[in-house]
Structure formats: C-alpha cells, structure tokens
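One structure is given here, and the rest of the page talks about it.
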C-alpha cells in the first residue's frame, strides 16, 4: 500500500513538472504605432501605498480558538520578519512596502466570520484576505463575501 502511495506521489510530481515546462506562446505582431503629438512626460508622483494590508477573520475565541491563535501567531511572526527586512519589494513602485496585519475575532461563529471579513474588505481596505485553518463552516461565509 505504501508503494502505491509513493508511486502516486511521484506521478503527481512528474505531471506538475511536465506541465510547468510548457512552451512559450507564439509572439503576435503588434500594429504599427501611430505618431501622437509629443507631450512632456509627467514625473511619477505615485509612491505607492504606505502599507500592504493583510486581514483575517480568525477564531481567536470559542471552540476553534486553538486554530486561530496558532495560525495568526505564525502569520504575525512572518509579518514581523518581512517588516524587519523593510517590507515586500514591489517592482511597480521600486521600493519595499511594509506589511500591516489586521486580525479580527469571529469567536468561532460562522454568522460573524462573513460580516467581519466584509468589514475588512470595505472598511479596512485590505489588499489580501487570509483565512486561518478552522472549520469549513467558518470559511464558507468568508469565501462568499470575498
């Protein structure tokens, strides 16, 4: 039985490797550009956001609190490490942007997880919504509002 599992894992890895080695798409010819009146280039004034905001509606209390506390502890440790290095480099802005991590307690209540995630999106304007390991009943309302 272990041999069959090993063969399946090896086959899965082989399929992933082969699919990742796909050919490049054929280049298309762009239409000839038309001459536009030259305007002086405006200096780039957009320095980018102050933070990359990541939010999570996590079960910090209630029956799934162990999952929420453990996952958010690990995520906060990662955020601290990233910020200690200056943040995440964003090529578009040619600089590192620090990460802000917002955790709201959904109290292990599926009825609260969705509205709290919606608040993170609308009120806190998170750039990314992160869901911690817990019950599907907690994840489904979050996924529906995301």
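Numbering (my numbering), first residue to last: 1 to 146.
Even for Gly, the Cβ is constructed at its ideal location relative to N, Cα and C.
It is roughly 17 Å from the alpha-carbon of residue 120 to the alpha-carbon of residue 49.
Only buried fits residue 55, as 16 or more other CB atoms lie within 10 angstroms of its CB.
Excluding five sequence positions before and after residue 143, the CB atoms of its chain that fall closer than 8 Å to its own CB belong to 131, given in chain order.
Beta-carbon to beta-carbon, residue 51 and residue 97 are separated by about 7 Å, close enough to satisfy the 8 Å threshold.
Annotated as distal: residue 84 and residue 72, with beta-carbon spacing of 7 Å or more. With a threshold of 16 other beta carbon atoms within 10 Å, residue 114 meets it and is buried. Spanning the alpha carbons of residue 91 and residue 47 requires a straight line of approximately 11 Å. Residue pairing from DSSP places residue 105 in a beta bridge opposite 58. Shown here for residue 76: same chain residues with a beta carbon closer than 7 Å to its own, the five before and five after excluded, namely 101 in chain order.
Residue 106 holds the alpha-carbon nearest to the alpha-carbon of residue 63 among 117, 106, 127. Distance from the Cα of residue 117 is smallest, within the candidate group 79, 139, 74, for 139. Closest option to residue 99, judged by alpha-carbon separation, among 112, 129, 70: 129.
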